[in-house]
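S.K.:
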Amino acid sequence: MSRTRFDLSESDLPRSWYNLNADLPTPAPLHPVTHQPVDLAFMSVISPRGLIAQDMAREEAIEIPEPVRELYKLWRPTPLMRAHRLEKVLGTPAHIYYKNEGVSPVGSHKANTAVAQAFYLKEEGGKAFTTETGAGQWGSALSMGCNFFGLGCEVYMVRLSYNQKPFRRFVMESYGAQVYASPSSRTAAGRQFLALDPKHPGSLGMAISEGIEAAATSSGAKKYSLGSFLPHVLLHQTVIGEESLKQMELANEYPDIVIGCAGGGSNFAGITFPFVRENLRHGQRTRIIAVEPSACPTLTRGTYTWDSADAAGIAPICKMYTLGHGFVPPGIHAGGLRYHGMAPQVSALLAGGHIEAQAFDQVDVFESGLLFGRAEGVLPAPESNHAVHAAIMEARQCTLRGERKVILFNLSGHGNFDMMSYAAFARGELQRYDHPQAAIDEALKDLPNIVQA
Ligand SMILES: *Cc1c(COP(=O)(O)O)cnc(C)c1O
């Protein structure tokens, strides 16, 4: 019987993150008003300087600070597993591997950047972070990171999730964070959205506007933190792919296909960027697939253009795949995948033909998640189910063609806090939802008017 689990020891913990900027520079973000490239002065009002420096860095490897590596040891290196039992259920000749980021204390990959960001804020003498959270995973992770470094944490949580997922809020509060339903009346941006609809369900884009405003108006007392999308966040997540490369070596295989679900793009980047590097630099030919919900089809049906990263238009404008910053996604159950844009680096990879994108309906995705959970024991987060489903679809193709491909996917988090969604699925209450083209066209009418040099 071949092995199931490929573990690394503490001493194998990567010493550096991989910086995709070295191989694929992306256009600098633009100031929301002047439309000129953002400078350090503008960015340092809202972000710690150490993180801005990473966004602009061009070197291939960026050293992981020792205090961050020490914290990583609380859950890293994470296991890489061969899904033998799933392979058997599917009757596929494919070899399916998954990296389990669900073992972090907060249950997802988001802890990887949370502790790093808290470290850099502490290093420059900062006192507190403001942030947004959708389903609550990012808020939980940053609350933990801030708690480790004795920093405050103020979280704007999308109202729909605030009401649907109270347990996540209690996790954040247990780590000492303050949590507000967004849109809130605490910020001008929030009040503006509440005026439109006093029971506004909120969106990630709106919560981002609130978090940025709360930091920008704090006279330096607070800085703003984002849990995905930005280059430094994607950078911190590459620890996932660097470990996976070593673990695939232990398994004596190399993946033909690497898969991650994509909301803002960070866990996808985390597992895939080191494999992108191997493709770009060392002649590997791994297929790399980003998976999104058909209800929020940023990569598969969005436009590659300049758009605002938040709903109110106070964040920088980025070149990216977008559904328009006015896009209000339907209330699907994968809360972490309901964002109108996509990380500029992931967007550039897709535009350049280096990666592929697929979209699936949440009903099919949950079916696959349950199949996986019954075979392997781990019930994945609804977001991760998208990656699970794509891996299963590829494995089924292998069965039809009699091909023995090696498939690796990122299990970005466990689903133990998402049982209401599993229950809704079991009751047959999950809706099939294909976003209408008219709604996409409508939201794209309101793009910032950027005249490119
Ligand atoms: C937040 C989250 C995602 C989506 O965010 P990305 O930045 O695209 O990774 C995916 N899976 C889980 C478990 C999450 O918590």
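For what it's worth, our numbering labels the leading residue of the sequence shown as 903, then goes sequentially. A virtual CB, placed ideally from N, CA and C, is assigned to each residue, including glycine.
What does the Cβ neighbour count give for phenylalanine 1175, buried or exposed, with the cut at 16 atoms within 10 Å?
M.R.: Buried: at least 16 other Cβ atoms inside 10 Å.
S.K.: Measuring from the CB of glutamate 1285, is there a heavy atom of ligand 1 at a distance below 7 Å?
M.R.: True, at least one ligand heavy atom lies under 7 Å from that Cβ.
S.K.: I need the straight-line Cα distance from glycine 1254 to isoleucine 1352, nearest angstrom please.
M.R.: If you take the alpha carbons of glycine 1254 and isoleucine 1352, they lie about 21 Å apart.
S.K.: Since histidine 1039 and glycine 1238 should fall inside the 8 Å C-beta cutoff, what is the C-beta to C-beta distance between them, to a whole number of angstroms?
M.R.: Note on residue identity: the sequence assigns glutamine, not histidine, to residue 1039. Correct: roughly 6 Å between the Cβ atoms.
S.K.: Let me check you understand the geometry: is the CB of serine 1086 closer than 7 Å to at least one non-hydrogen atom of ligand 1?
M.R.: The answer is no for serine 1086.
S.K.: Going by the DSSP bridge assignment, what does valine 1057 pair with across the sheet?
M.R.: Answer is Thr1033, Val1081.
S.K.: Please say whether isoleucine 1309 and alanine 1211 have beta carbons closer to each other than 8 Å?
M.R.: Against a cut-off of 8 Å, the Cβ pair of isoleucine 1309 and alanine 1211 comes out as no contact.
S.K.: Going by beta carbon distance, what residues of the same chain come within less than 7 Å of leucine 1332, once the five residues before and after it are set aside?
M.R.: Correct list, in chain order: His1235, Gln1264, Val1265, Phe1268, Ala1326.
S.K.: With DSSP as the reference, identify every bridge partner of phenylalanine 1175, one or two as the case may be.
M.R.: Partner(s): none; phenylalanine 1175 has no beta bridge.
S.K.: Sort Pro1246, Ala1123, Gly1167, Ile1219 by Cα distance to leucine 932 and report the nearest one.
M.R.: When each option's Cα is compared against that of leucine 932, the closest is Ile1219.
S.K.: Just reading off the alpha helix (DSSP H) that asparagine 887 is part of, what are its end residues?
M.R.: Nothing can be reported for residue 887: it is not among the residues displayed for the chain, which extend from 903 to 1355.
S.K.: Quick check: does the Cβ of phenylalanine 1177 come within less than 7 Å of any heavy atom belonging to ligand 1?
M.R.: No, the beta carbon of phenylalanine 1177 sits no closer than 7 Å to any heavy atom of ligand 1.
S.K.: Among Ala930, Thr906, Asp1336, whose alpha-carbon lies nearest the alpha-carbon of leucine 1132?
M.R.: Comparing Cα positions, the closest option is Ala930.
S.K.: Under 8 Å: do the stretch 1025-1038 and the stretch 1333-1345 share three or more Cβ pairs, one atom per stretch?
M.R.: No, because fewer than three Cβ pairs between the stretch 1025-1038 and the stretch 1333-1345 fall closer than 8 Å, the two stretches do not touch.
S.K.: Assess, as a yes-or-no matter, whether the stretch 1008-1027 is touched by the stretch 1089-1104 under the definition of 3 or more beta carbon pairs within less than 8 Å.
M.R.: Touching, no, given that fewer than three Cβ pairs across the two stretches are closer than 8 Å.
S.K.: Tell me which same chain residues have a C-beta within less than 6 Å of the C-beta of glycine 1228, skipping the five on either side of it?
M.R.: Ala1345, Asp1348, listed in sequence order.
S.K.: Considering only the alpha carbon of each residue, which of Leu922, Ser911, Glu961 lies closest to proline 979?
M.R.: Here the closest residue by C-alpha is Ser911.
S.K.: Would you kindly work out how many angstroms separate the C-alpha atoms of methionine 958 and serine 1286, rounded to a whole number?
M.R.: C-alpha separation (whole angstroms): 30 Å.
S.K.: Between asparagine 921 and histidine 1134, what straight-line distance do the alpha-carbon atoms span, to the nearest angstrom?
M.R.: In a straight line, the C-alpha of asparagine 921 is about 9 Å away from that of histidine 1134.
S.K.: Just the Cα atoms here: how many angstroms apart are valine 940 and arginine 951?
M.R.: Straight-line Cα distance between these residues: approximately 14 Å.
S.K.: In three-state terms, what does DSSP make of alanine 1192?
M.R.: If DSSP states are grouped into helix, strand and coil, alanine 1192 belongs with the strands.
S.K.: Just to check, is the beta-carbon of asparagine 871 closer than 7 Å to a non-hydrogen atom of ligand 1?
M.R.: One cannot answer for residue 871 here, as it falls past the ends of the chain, which runs 903 to 1355.
S.K.: Taking 7 Å as the line, does the beta carbon of leucine 1281 fall inside it for any heavy atom of ligand 1?
M.R.: Because no heavy atom of ligand 1 lies under 7 Å away, the Cβ of leucine 1281 does not count as near it: no.
S.K.: Should lysine 1124 be counted as a contact of ligand 1 given a C-beta to heavy atom distance under 7 Å?
M.R.: No, ligand 1 has no heavy atom inside 7 Å of this Cβ.
S.K.: Please tell me whether, using a cut-off of 7 Å, the distance from the CB of serine 1146 to the nearest non-hydrogen atom of ligand 1 is below it.
M.R.: No, Cβ of serine 1146 sits at least 7 Å from all heavy atoms of ligand 1.
S.K.: What did DSSP end up calling lysine 1001 once you bin it into helix, strand or coil?
M.R.: Note: lysine 1001 maps to strand in three-state DSSP.
S.K.: On the three-state DSSP scale, how would you describe tyrosine 1022?
M.R.: Helix.
S.K.: With a cut-off of 8 Å on the beta carbons, I'd call glutamate 1056 and glutamine 1019 a contact; round off their distance for me.
M.R.: The Cβ separation is near 14 Å, so there is no contact.
S.K.: Examine ligand 3 and report whether any of its heavy atoms sits within less than 7 Å of the Cβ of leucine 1239.
M.R.: In terms of ligand content, the structure shown lacks ligand 3 and carries ligand 1 instead.
S.K.: Buried or exposed for threonine 1224, going by 16 or more other Cβ atoms inside 10 Å?
M.R.: By the 10 Å Cβ count, threonine 1224 comes out buried.
S.K.: Count the other CB atoms within 10 Å of the CB of glycine 1027; is the residue buried (16 or more) or exposed (fewer)?
M.R.: Per the 10 Å Cβ criterion, exposed.
S.K.: In the DSSP output, which residue or residues are listed as bridge partners for aspartate 909?
M.R.: Its beta-bridge partners do not exist; DSSP assigns none.
S.K.: Using beta-carbon positions only, say whether alanine 1118 and alanine 1030 come within less than 8 Å of one another.
M.R.: Going by C-beta atoms, alanine 1118 is not nearer than 8 Å to alanine 1030.
S.K.: Within the same chain, show all residues whose beta-carbon is closer than 6 Å to that of glutamate 1296, passing over the 5 residues directly before and after it, in chain order.
M.R.: For glutamate 1296, where only same-chain residues beyond five positions count, the Cβ hits under 6 Å are Ile1159, Ile1309.
S.K.: Please tell me whether isoleucine 1142 and isoleucine 1161 are closer than 8 Å, where the distance is taken between their beta carbons.
M.R.: No, the pair does not count as a contact, with Cβ atoms beyond the cut-off.
S.K.: With three or more C-beta pairs closer than 8 Å as the rule, is the stretch 1198-1211 touching the stretch 1276-1283?
M.R.: Cβ pair count under 8 Å is below three, so no.
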